[in-house]
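To start, the structure itself, in structure tokens.
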Amino acid sequence: MKKDNDPTEQVQRRTTKLLSGLRTYDLRSLSRIEMTSNSGGRTCSDLELTEFVGIRAGYELLNRKYRKNHKELEKANARFTRSLEKLDALDGFGKATTFIDNVLNEVCGFKRKADEYFSEEMELVAACKRRIEHLKEQRVFIARFHRLLADHLFCLGHYRSALSLAKSSSAGCLCLTDIYEEAIVISEALLRGDTGPAHQWIQEANYKLKKSECFFEFDIRVFELYLLVKAGKRLEAIQHARKYLAGGLKPDDYQATKLGQAMLLLAMRTPEEVELKAAQNELNEQWICKRFHAAFTNFYSFSSLTPFSLAVKAGITAIKTHFCYSAKARHPDCVVCHPLINRLAFDLPFGNYDHSVLTCYQTGLLMNEENPPMALPNGYVYSEKVTYVSFSLLTHLNCLCNQSIIRYHVVLIGMSLCIRWRFGQLGLTLSISNLKLWLYVLVMG
1 MKKDNDPTEQ VQRRTTKLLS GLRTYDLRSL SRIEMTSNSG GRTCSDLELT
51 EFVGIRAGYE LLNRKYRKNH KELEKANARF TRSLEKLDAL DGFGKATTFI
101 DNVLNEVCGF KRKADEYFSE EMELVAACKR RIEHLKEQRV FIARFHRLLA
151 DHLFCLGHYR SALSLAKSSS AGCLCLTDIY EEAIVISEAL LRGDTGPAHQ
201 WIQEANYKLK KSECFFEFDI RVFELYLLVK AGKRLEAIQH ARKYLAGGLK
251 PDDYQATKLG QAMLLLAMRT PEEVELKAAQ NELNEQWICK RFHAAFTNFY
301 SFSSLTPFSL AVKAGITAIK THFCYSAKAR HPDCVVCHPL INRLAFDLPF
351 GNYDHSVLTC YQTGLLMNEE NPPMALPNGY VYSEKVTYVS FSLLTHLNCL
401 CNQSIIRYHV VLIGMSLCIR WRFGQLGLTL SISNLKLWLY VLVMG
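Residues in the sequence shown are numbered from 1 upward in steps of one, following full-length UniProt numbering.
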């Protein structure tokens with residue numbers, strides 16, 4: 001058999017091509033997002049701040065999947081190599097033919113498994129690319145809001161709510177649904193007392209957990225000790241502690257403290273006392289779920305201060321003033337004056353303003369020396385540049401002149417100002433252009 005037609009060589013070349021292709025998607029290329037504004041090529045640091053966590057989490061998911069699949073392919077390749085070594089020791093044509101058929105079936109299964117791994121990892125790479133392309137869009141879509149809210153719910157521990165929001169919104173393909181589903185499976189298994197999925201995740205993520213000095217594996221062993229004592233298997237619990245929890249502990253260490261609290265459970269007589277003591281020392285199911293959440297979010301580079309919460313708090317801080325906490329000065333249109341938002345913003349700093357500004361109600365422009373304010377007799381104030389905006393404004397001015405009511409209608413249409421007044425049945429209209437509104441006010445006064 002030629003080397004080019006050897007199925008082993010084909011699988012090895014395919015695997016090498018797969019691994020070399022995946023290595024190109026490193027953290028720098030996936031997490032560095034250069035967005036330029038209209039003001040001249042300036043990096044948008046706020047976008048990098050809010051989106052780095054999501055990009056990093058997608059990369060970590062791809063990295064963990066790649067390491068797991070790579071180990072599986074190496075094991076399958078080693079088994080295949082060992083089986084080929086047995087070919088020389090076979091006697092007889094029939095045995096050799098049967099053996100070769102078995103080897104070909106194994107190679108076909110190996111190739112099929114490699115194709116599945118390749119498609120899974122390419123889907124994760126495509127998901128990372130979709131998130132990056134989504135961030136390059138200049139407009140802010142509702143999909144980004146849903147995605148940030150889903151990540152926020154996930155960081156708070158509401159896994160099912162985050163998954164439901166991700167699947168029901170238009171940003172489902174941009175959310176990390178694989179991470180949400182994995183967290184749901186492991187957390188629900190821990191609540192049932194099953195540590196199998198947690199151990200499997202630890203084996204796949206152990207390369208990073210060791211670097212971060214995470215004690216989640218130790219916590220799992222302590223939780224298993226609690227389960228054994230709760231089930232009345234005290235001898236097995238002691239053997240479990242000697243096998244997994246003994247050695248290399250400092251007196252003031254976290255592990256030594258937790259081990260001492262776990263060994264106290266052996267002195268409890270009834271299962272009710274064991275559960276009560278475990279809840280008091282935080283060794284029960286709720287505790288291990290919290291520890292898993294901390295380790296899981298730390299592995300995927302999530303933090304308690306999510307981009308969604310940072311954006312909300314920054315927006316509230318920008319408009320928060322001392323008047324929002326004064327019962328007499330609260331405004332119904334102010335967001336911070338709302339009771340719920342007011343309570344949320346209690347610990348946030350106040351917005352600092354060097355000076356106050358006036359804004360025209362009609363145009364939204366600042367009123368300053370270049371755009372001075374103009375007051376009408378009825379108390380309304382507008383800016384001078386309101387005469388240069390092409391929209392219609394209708395203001396009613398009521399004046400008392402010669403013991404008769406004269407009603408003025410000031411209608412602004414583009415650059416032309418028309419003044420109409422009615423006195424009894426007599427009507428007259430004047431059209432004057434390029435004059436200031438306060439001159440009309442003086443003339444009418």
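C-beta: ideal position from N, C-alpha, C; glycine also.
Query raised in the report: Which ranges does the alpha helix (DSSP H) cover as unbroken runs of at least 4 residues, wholly within the region 77 to 139, from first to last along the chain?
Result: Qualifying alpha helix (DSSP H) stretches, in chain order: 93 to 135.
Query raised in the report: Would LYS328 be called buried (16 or more neighbouring beta carbons within 10 Å of its own) or exposed?
Result: LYS328 comes out exposed.
Query raised in the report: At which residues does the alpha helix (DSSP H) containing TYR226 begin and terminate?
Result: Secondary structure note for TYR226: its alpha helix (DSSP H) is the uninterrupted segment 216 to 230.
Requested in this report: Compare the C-alpha of LYS208 against each of ILE319, CYS289, SER301 and name the closest.
Outcome: Per the Cα distances, SER301.
Query raised in the report: Going by Cα to Cα distance, which pick from CYS214, ALA166, GLY157 is closest to GLU188?
Result: Measuring from the Cα of GLU188, the nearest candidate turns out to be GLY157.
Query - DSSP bridge partner residues for MET374 (one or two, in chain order) - result: Looking at the DSSP output, MET374 shares a beta bridge with TYR382.
**Report entry** Three or more C-beta pairs below 8 Å linking the region 343 to 351 and the region 178 to 196
**Finding:** Because the criterion of three Cβ pairs below 8 Å is not met, the region 343 to 351 and the region 178 to 196 do not touch.
Query raised in the report: Under a three-way DSSP split, which group does THR177 fall into?
Result: THR177 falls in the helix class under three-state DSSP.
Requested in this report: On a CA-only basis, which of TYR380, ILE55, GLU384, ARG242 is nearest LEU148? Give me that one, please.
Outcome: Taking only the C-alpha atoms, the option nearest LEU148 is ILE55.
Report task. Work out the CA separation of GLU85 and THR97 for me, nearest whole Å. Result -> Rounded to the nearest angstrom, the gap between the Cα atoms of THR97 and GLU85 is 15 Å.
Query - Per-residue DSSP class, three states only, for LEU62 - result: LEU62 carries a helical assignment under DSSP once its states are collapsed to helix, strand and coil.
Report task. In angstroms with no decimal places, state the Cα-to-Cα distance between LEU73 and GLU275. Result -> Whole-angstrom Cα-Cα distance: 44 Å.
Query raised in the report: What is the rounded straight-line gap between the Cα of ILE179 and the Cα of MET122?
Result: Rounded to the nearest whole angstrom, the CA to CA distance from ILE179 to MET122 is 16 Å.
Report task. Express the C-alpha separation of ARG67 and ILE220 in angstroms, rounding to a whole number. Result -> Whole-angstrom Cα-Cα distance: 23 Å.
Query raised in the report: In angstroms, rounded to a whole number, what distance separates the CA positions of LEU249 and VAL229?
Result: Just so you know, the alpha carbons of LEU249 and VAL229 end up roughly 22 Å apart.
Query raised in the report: Can you tell me whether DSSP reads LEU366 as helix, strand or coil?
Result: Three-state DSSP puts LEU366 in a strand.
**Report entry** Where the alpha helix (DSSP H) through ASN240 begins and ends
**Finding:** A small correction: the amino acid at residue 240 is His; Asn does not occupy that position in the sequence shown. Residues 234 to 244.
Query raised in the report: Got a sec? Which residues, its chain only, sit under 8 Å from LYS320 by beta carbon, not counting five neighbours each side?
Result: Around LYS320: VAL336, ALA345, LEU348, PRO349, PHE350, GLY351.
Requested in this report: Tell me whether the beta-carbon of LYS71 lies closer than 8 Å to the beta-carbon of GLU120.
Outcome: Between LYS71 and GLU120, the CB-CB gap reaches or exceeds 8 Å.
Query raised in the report: Among LEU225, LYS277, MET268, PHE215, which has the Cα closest to the Cα of ASP253?
Result: It is PHE215 whose Cα lies nearest to the Cα of ASP253.
Query raised in the report: Would you say TYR117 and ASN69 are within 8 Å of each other, going by their C-beta atoms?
Result: Result yes, Cβ atoms of TYR117 and ASN69 sit closer than 8 Å.
Requested in this report: Put THR359 into one of helix, strand or coil per three-state DSSP.
Outcome: Strand at THR359.
Query - Neighbourhood of CYS324 by C-beta, 8 Å cutoff - its chain only, sequence neighbours within 5 removed - result: Excluding five sequence positions before and after CYS324, the CB atoms of its chain that fall closer than 8 Å to its own CB belong to ARG330, CYS334, VAL336, CYS337, ASN342, ALA345, given in chain order.
Query raised in the report: Taking three-plus beta-carbon pairs below 8 Å as touching, is the region 190 to 197 in contact with the region 163 to 171?
Result: No contact exists between the region 190 to 197 and the region 163 to 171.
Report task. Consult DSSP for ASP151 and reduce its assignment to one of helix, strand or coil. Result -> Three-state result, ASP151: helix.
Query raised in the report: Does the beta-carbon of CYS360 have 16 or more other beta-carbons within 10 angstroms, so that it is buried, or is it exposed?
Result: Buried is the call here.
Requested in this report: Consult DSSP for ALA294 and reduce its assignment to one of helix, strand or coil.
Outcome: Of the three classes helix, strand and coil, the one that applies to ALA294 here is helix, per DSSP.
Query - Whole-angstrom distance between PRO377 and SER383, CA atom to CA atom - result: Their Cα atoms are separated by approximately 15 Å.
**Report entry** Cβ-based burial, PRO307 [other Cβ within 10 Å; buried from 16]
**Finding:** Answer is buried; the Cβ neighbour count reaches 16.
Requested in this report: For GLY247, count neighbouring Cβ atoms within 10 angstroms of its own Cβ and tell me buried if that reaches 16, exposed if not.
Outcome: Per the 10 Å Cβ criterion, exposed.
Report task. Verify whether the separation of the beta carbon atoms of TYR226 and ALA295 is less than 8 Å. Result -> Against a cut-off of 8 Å, the Cβ pair of ALA295 and TYR226 comes out as no contact.
Query raised in the report: If you draw a straight line from the C-alpha of VAL381 to the C-alpha of PRO332, how long is it?
Result: Taking the straight line joining both Cα atoms gives about 21 Å.
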